[in-house]
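Asks: Following our numbering, the numbering of the sequence shown begins with 4 at its first residue and continues without gaps.
C-beta: ideal position from N, C-alpha, C; glycine also.
Dropping the structure in here first, questions after.
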Amino acid sequence: MISFAPHVAWARLLRQLAWVNPTSRPIRAGQREIVLLLAGFMALNAFALDTMLPALPMIGTDLDVTEDNRRQLVILAYIFGFGSSQMLWGPLADRFGRKRILASGVALYFIFALVAAAAQDFTLMIAARFCMGASGSVSRVLVNAITRDLYEGEEMAKVMSLTMMVFMVVPVIAPSIGQLLLWAFGDWRVIFYGLAFYGLAVLVWGWLRLPETLKPEFRRSFDVRSIVEASAIALRDRLSLGYTLALTFVFSALTSYLASIQQIVGDTFGQPEAIGIVFAIIAAPMSLASWGNSLIVERYGLRTVGHIGMFGFAGVSAIHLFVAATFGESLWLFAALQSATFVFFAFTTANFGTLAMTNMASVAGTAASVHGTVATIGAGTLGLIIGQHYDGTQMPYLTWFAIAGSIAVFIVLVTERGRLMSRGTPRRHAAEHCPAPDGS
């Protein structure tokens with residue numbers, strides 16, 4: 004169920020892709036399996052985060068966690084691990100190729116999931132979750148790098164949208180899967196066994212079917228100087244740095260959501276049993292928006308779709324804060340407004356991630372690592388701060404959404420020098436801020 008349910012639904016959507024949008028180049032049969040594989044690897048992290056949420060109270064009780072806010076560390080330790088190791092995976096993949104490094108990281112994910120399942124105290128649990136995140140981050144880095152190896156521009160954004168769609172689909176079903184496993188077995192450890200099994204399944208599938216995508220001319224030596232040079236290219240490029248910083252603030256809304264949502268639903272609104280349906284209400288439209296992005300991005304362009312998403316995210320966040328502060332809200336109004344917010348989040352993230360990678364062909368693996376490290380650790384830190392400010396209400400959480408959206412708008416305005424929603428790719432940014440790849 005964990006391994007195959009999202010793939011079945013998604014395969015059906017992919018089969019429809021060629022005729023839903025006549026202006027879009029269809030995904031060819033050979034490409035479909037690659038896209039499904041990339042999505043399967045991306046879903047490793049979504050499952051590792053979202054299946055945990057219904058189990059947090061039981062984990063806290065079983066491992067003697069006395070302060071409710073400390074339970075958030077089960078989520079946040081994974082996120083910090085996820086961000087901490089990305090600077091390792093990218094350079095390794097640029098030197099030794101994508102396939103072997105991806106397989107090595109997922110194998111470690113499998114091992115640490117089993118360690119977490121066996122944990123008898125909270126310290127070991129947090130350490131195992133950190134190591135799971137550090138291992139699982141290989142999928143984030145390598146999915147981005149493989150996609151950049153194979154595609155560029157609007158086609159890359161289209162493929163990223165389809166892979167991100169599974170990341171968005173998983174939250175619809177993952178909390179319910181976690182809750183179902185708790186009801187069926189009465190033991191949170193079973194969830195970790197399920198995560199280990201899923202990791203093993205995609206590891207075998209990828210090893211058998213995924214081709215090596217790194218071009219020989221883009222192989223880089225694995226040494227400190229090479230890593231520093233490649234990282235400097237990523238950090239000097241205006242698009243790369245600007246859109247990575249904007250993504251950091253947008254993603255901080257997601258990390259604060261993951262850290263706080265169980266307490267908001269269970270404590271603020273007093274309906275802990277509703278966590279699965281609330282997740283579905285919020286995540287299902289977000290998944291459809293991610294799929295919709297793949298259908299329209301080639302027609303309207305990365306900037307138009309991404310910037311509209313950014314303004315929508317900031318605007319709806321501000322409206323939600325105003326409504327909650329002025330009139331109050333029920334759980335279902337909260338879920339509906341969060342759903343609208345995360346629809347715009349979906350339109351923002353895939354396109355901003357693609358824009359950040361625009362000029363990074365020659366250092367795609369390391370650039371993806373830099374982007375992931377900055378965005379994940381930054382967003383995780385901000386999410387931790389917001390989560391620890393939970394005071395029994397949703398107000399600190401909603402306030403941060405409005406602030407984060409406004410900061411992202413400001414960063415993009417500076418990055419684009421005030422020129423928003425243009426269709427063209429600003430190659431001049433690459434020329435001004437980093438050397439062109441050899442042979443370009």
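Starting from residue 65 and walking both ways along the alpha helix (DSSP H), at which residues does that stretch end?
Replies: Note, residue 65: alpha helix (DSSP H), 59 to 65.
Asks: Between the Cα of residue 48 and those of 94, 116, 36 and 70, spot the shortest distance and give me the residue it belongs to.
Replies: Out of 94, 116, 36 and 70, 116 has the C-alpha closest to the C-alpha of residue 48.
Asks: If we require 4 or more residues per run, which alpha helix (DSSP H) segments fall completely within the stretch 145 to 204?
Replies: Those alpha helix (DSSP H) runs which fall completely within the stretch 145 to 204 and span 4+ residues are 156 to 188.
Asks: Could you check the C-alpha separation between residue 231 and residue 372 for me, to the nearest Å?
Replies: Cα to Cα, residue 231 sits roughly 12 Å from residue 372.
Asks: When the distance is taken between beta carbons, is residue 279 closer than 8 Å to residue 1?
Replies: The requested residue 1 does not occur in the structure, where the chain is confined to residues 4 to 443.
Asks: Determine, using beta carbons only, whether residue 136 and residue 263 come nearer to each other than 8 Å.
Replies: Their beta carbons are not under 8 Å apart, which means residue 136 does not touch residue 263 by this criterion.
Asks: In angstroms, rounded to a whole number, what distance separates the CA positions of residue 184 and residue 75?
Replies: About 20 Å.
Asks: Can you tell me the Cβ-Cβ gap for residue 192 and residue 120, rounded? I've got them flagged as a contact below 8 Å.
Replies: 5 Å between Cβ atoms; contact.
Asks: Taking only three categories from DSSP, how would you classify residue 213?
Replies: DSSP places residue 213 in coil when its eight states are reduced to three.
Asks: Return the first residue and the last residue of the alpha helix (DSSP H) that residue 271 is part of.
Replies: From DSSP, residue 271 is part of no alpha helix (DSSP H); its letter is neither H nor E.
Asks: Would you decide whether residue 70 is buried or exposed? Buried here means 16 or more other CB atoms lie within 10 Å of its CB.
Replies: Result: exposed.
Asks: Within the chosen definition, does the stretch 200 to 218 reach the stretch 331 to 348 through at least 3 CB pairs nearer than 8 Å?
Replies: No contact exists between the stretch 200 to 218 and the stretch 331 to 348.
Asks: Mind checking whether residue 96 and residue 153 have CB atoms under 8 Å apart?
Replies: Not a contact, by the Cβ cut-off of 8 Å.
Asks: Since residue 166 contacts residue 374 with CB under 8 Å, what's their CB separation in whole angstroms?
Replies: Actually they are not in contact, since the Cβ atoms of residue 166 and residue 374 sit about 15 Å apart, beyond 8 Å.
Asks: Rank 50, 396 and 238 by C-alpha distance to the C-alpha of residue 366 and give the top, closest one.
Replies: Measuring from the Cα of residue 366, the nearest candidate turns out to be 238.
Asks: Please classify residue 73: is it buried, with 16 or more other beta-carbons within 10 angstroms of its beta-carbon, or exposed?
Replies: Label assigned to residue 73: exposed.
Asks: I'd like the list of long-range same chain contacts for residue 24, defined as Cβ closer than 6 Å, with 5 residues on each side in sequence excluded.
Replies: With a pLDDT of only 43 at residue 24, under 50, the local geometry of the prediction cannot be trusted, and no value is derived from it.
Asks: Secondary structure at residue 394, three-state DSSP: helix, strand or coil?
Replies: If DSSP states are grouped into helix, strand and coil, residue 394 belongs with coil.
Asks: Report yes if the C-beta distance between residue 407 and residue 293 is below 8 Å; otherwise report no.
Replies: No; because the gap between Cβ atoms is not below 8 Å, this pair is not in contact.
Asks: Suppose contacts are defined by Cβ-Cβ distances below 8 Å. Is residue 354 in contact with residue 305 by that definition?
Replies: Going by C-beta atoms, residue 354 is nearer than 8 Å to residue 305.
Asks: Does DSSP put residue 372 in a helix, in a strand, or in coil?
Replies: Helix, per DSSP.
Asks: Buried or exposed for residue 302, going by 16 or more other Cβ atoms inside 10 Å?
Replies: Burial call: exposed.
Asks: Could you check the C-alpha separation between residue 78 and residue 401 for me, to the nearest Å?
Replies: So the two alpha carbons sit approximately 19 Å from each other.
Asks: Check for me: the alpha helix (DSSP H) holding residue 116 runs from which residue to which?
Replies: It spans 101 to 121 - the alpha helix (DSSP H) in which residue 116 sits, taken as one unbroken run.
Asks: What does the alpha-carbon distance come out to for the pair residue 240 and residue 358?
Replies: Taking the straight line joining both Cα atoms gives about 11 Å.
Asks: For residue 55, does the three-state DSSP call read helix, strand or coil?
Replies: Correct three-state label for residue 55: coil.
Asks: Per DSSP, what kind of secondary structure is residue 345 in: helix, strand or coil?
Replies: Reduced to three states, the DSSP call for residue 345 is helix.
Asks: Per DSSP, what kind of secondary structure is residue 16 in: helix, strand or coil?
Replies: With a pLDDT of 43 at residue 16, under the threshold of 50, the modelled position of that residue is not reliable, and no figure is offered here.
Asks: May I ask you to report which of helix, strand or coil DSSP gives residue 88?
Replies: It is coil, neither helix nor strand.
Asks: Tell me whether the beta-carbon of residue 317 lies closer than 8 Å to the beta-carbon of residue 378.
Replies: In this structure, residue 378 does not lie closer than 8 Å to residue 317 by Cβ.
Asks: Could you give the C-beta distance for residue 397 and residue 327, rounded to a whole number, given that I count them as a contact under 8 Å?
Replies: Right, the Cβ-Cβ distance comes to about 6 Å (below 8 Å), so this counts as a contact.
Asks: For residue 331, name the three-state secondary structure that DSSP assigns.
Replies: Of the three classes helix, strand and coil, the one that applies to residue 331 here is coil, per DSSP.
Asks: Please check the pair residue 419 and residue 300, which I expect to be a contact at CB under 8 Å, by giving their CB distance rounded to whole angstroms.
Replies: Contact flag wrong, Cβ pair sits at about 17 Å.
Asks: For a quick check, are the C-beta atoms of residue 133 and residue 80 less than 8 Å apart?
Replies: Contact: yes.
Asks: Cβ atoms of residue 175 and residue 83: under 8 Å apart, would you say?
Replies: Cβ atoms of residue 83 and residue 175: not closer than 8 Å.
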